[in-house]
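Trainee: Pasting a structure here, questions to come.
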Amino acid sequence: MVGADATVLDVGCGDGARTLANLPEGSVGLDVSRRGLELARETVPGARLLQGEMTQLPLATDSVDAVTAYHAVFHVPRADHPAVYREFARVLRPGGTLLMTLPGGRFETVREGWMGGRMLFSAPGREATLSQLREAGFADVRTRTVTDPLGSDAEFAFADFEGE
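Residue numbers for the sequence shown follow the numbering used here, beginning at 649 and rising by one.
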């Protein structure tokens, strides 16, 4: 996947405990939540943390070797998912890799009281997501279902970005 000197962008990093804490030094955590980033500063003190939207990543083109998105993209309205995947492709260097969880179905709902606020859950479905990844320029899209650290099954997509 990626080497110890790789720069990885963890999109929707939250408190940093699940993914960012296990990535190479110099990786970048991005979240829309200021509170999540405050917690990530405590969890992963040396990480570079950015507040921003997935549809407009605050990073330069070709600036990271890999992007991770662990249960993250479905917090963006599904109509915006193609723009999110284009942004992932934009910031990835040629030869870069994307690792993200796939949605299990098609849904659009808001949960009240989620971590003290409102949380959107939105996805176009598994096949639509895979198609959107390919349309954004990702090649060799592979999937694998694993039991995640929380004890539930999660399907992941692995995709390569060759560049333009």
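Ideal Cβ positions, reconstructed from N, Cα and C, are used throughout, including at glycine.
Against chain E, does PRO730 count as a neighbour if the rule is that its beta carbon must be under 8 Å from one of theirs?
Mentor: Reference to chain E is not applicable here, since this structure consists of a single protein chain.
Trainee: Ordered along the chain, which non-local residues of its own chain (more than five positions away) have a Cβ less than 8 Å from that of VAL676?
Mentor: The residues are THR655, VAL656, LEU657, ASP658, ALA695, ARG696, LEU697, LEU698, LEU707, VAL712.
Trainee: For GLY811, which residues of its own chain have a beta-carbon under 6 Å away from its beta-carbon, when the five flanking residues on both sides are left out?
Mentor: Excluding sequence neighbours, GLY811 sits near PRO742.
Trainee: Verify whether the separation of the beta carbon atoms of ALA771 and THR745 is less than 8 Å.
Mentor: Result no, Cβ atoms of ALA771 and THR745 do not sit closer than 8 Å.
Trainee: Out of curiosity, what's the CA-to-CA distance linking VAL692 and ALA669?
Mentor: Whole-angstrom Cα-Cα distance: 6 Å.
Trainee: Can you tell me where the alpha helix (DSSP H) holding THR691 begins and where it ends?
Mentor: Counting along the chain, the alpha helix (DSSP H) containing THR691 begins and ends at 682-691.
Trainee: Locate the beta strand (DSSP E) running through PRO730, then write down its first and last residues.
Mentor: First-last for PRO730: 729-739, but that is the alpha helix (DSSP H), not the beta strand (DSSP E).
Trainee: Could you tell me which residues DSSP pairs with THR795 in its beta bridges?
Mentor: In DSSP, THR795 forms a bridge with ASP801.
Trainee: So, are the CB atoms of LEU740 and ARG774 less than 8 Å apart?
Mentor: Contact flag unset, no.
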